[in-house]
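Student: Below: one structure in structure tokens.
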Amino acid sequence: MRVEIWTDIACPWCYVAKTRFEQGLAAFAHRDQVEVVYRSFELNPQAENGTVPIIDAVAAQYGRTREQQVAREEQAAAMAREVGLGFRIGGRVFGNTFDLHRLIHFAKTRGLQNEFMDLAYRANFAEERSVYDRDTQISLAVEAGLDADEARAVLDDPDRFAAEVRADERAATEVGVSGVPFFVLNRRYGVNGVQSPAAFTRALEQAWADRQAA
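Throughout, the working numbering is defined as the position within the sequence shown, counted from one, plus 76.
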């Protein structure tokens with residue numbers, strides 16, 4: 077059985093949902109027969125890397141007050157801490173995640189996609205390091221077990237893994253994904269947002285039962 081997960085490193089809900097899904101998967105009896113595929117989704121593909129604080133940038137993007145956006149950050153932080161994840165509020169900056177998605181695809185070719193994603197999420201949310209900085213991206217790649225020169229070569233060539241990112245985004249449109257996190261089980265069932273581990277387990281069980289009955 078295949079589970080496709082559309083996600084963006086800039087998304088705090090994706091950060092939490094990844095761990096909750098993994099907990100739900102761990103409780104699923106047939107977990108060893110589940111293929112998990114992470115797919116790229118850019119929350120703001122027009123974003124430029126800069127120094128605008130994330131709270132101000134996202135508040136402006138969605139028409140919220142700063143207080144409303146701070147409240148959403150606090151909600152995400154509480155949810156993160158419930159599953160043992162670190163989360164700081166107020167120090168992240170706004171940026172473009174396209175290069176991160178390219179590196180995620182590169183990491184996949186080396187069997188290190190999950191490791192790289194976890195490190196990128198932690199750097200962004202728990203440490204508030206700028207994951208849009210090239211040196212940070214290479215450092216994260218090395219920490220995940222990737223070769224520094226290979227990672228640098230990927231970043232130097234804007235075409236490397238760009239087609240893979242765009243293919244994921246086209247697939248998102250085809251299956252009706254308009255926001256993340258979004259989970260698609262066997263291209264038949266969609267699960268949207270930050271669900272509980274138990275809800276993820278139930279979704280897996282439902283998809284598995286329907287697969288067996290087909």
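Every residue, glycine too, gets a C-beta built ideally from N, C-alpha and C.
So, using beta-carbon positions, are E203 and G166 closer together than 9 Å?
Tutor: Contact: no.
Student: Should the stretch 88–96 be regarded as contacting the stretch 243–258, the criterion being three or more beta carbon pairs within less than 8 Å?
Tutor: They touch, by the three-pair rule.
Student: Please give me, in chain order, every unbroken run of the beta strand (DSSP E) with length at least 3 that falls completely inside the stretch 234–290.
Tutor: 258–261, 265–268
Student: Indicate whether F117 and P273 have their beta-carbon atoms separated by less than 9 Å.
Tutor: no
Student: In whole angstroms, give me the CA-to-CA distance for A136 and S215.
Tutor: 31 Å
Student: Counting pairs of Cβ atoms below 8 Å between the stretch 99–117 and the stretch 132–147, do you hit three or more?
Tutor: no
Student: Closer than 8 Å is the cut-off here; do at least three beta carbon pairs connect the stretch 227–236 with the stretch 179–194?
Tutor: yes
Student: Terminal residues of the continuous beta strand (DSSP E) containing E116?
Tutor: Note that residue 116 is Ser in the sequence shown, not Glu. Counting along the chain, the beta strand (DSSP E) containing S116 begins and ends at 111–116.
Student: Under a Cβ-count criterion, where at least 16 other Cβ atoms within 10 Å of its own Cβ denotes burial, should P88 be classed as buried or exposed?
Tutor: buried
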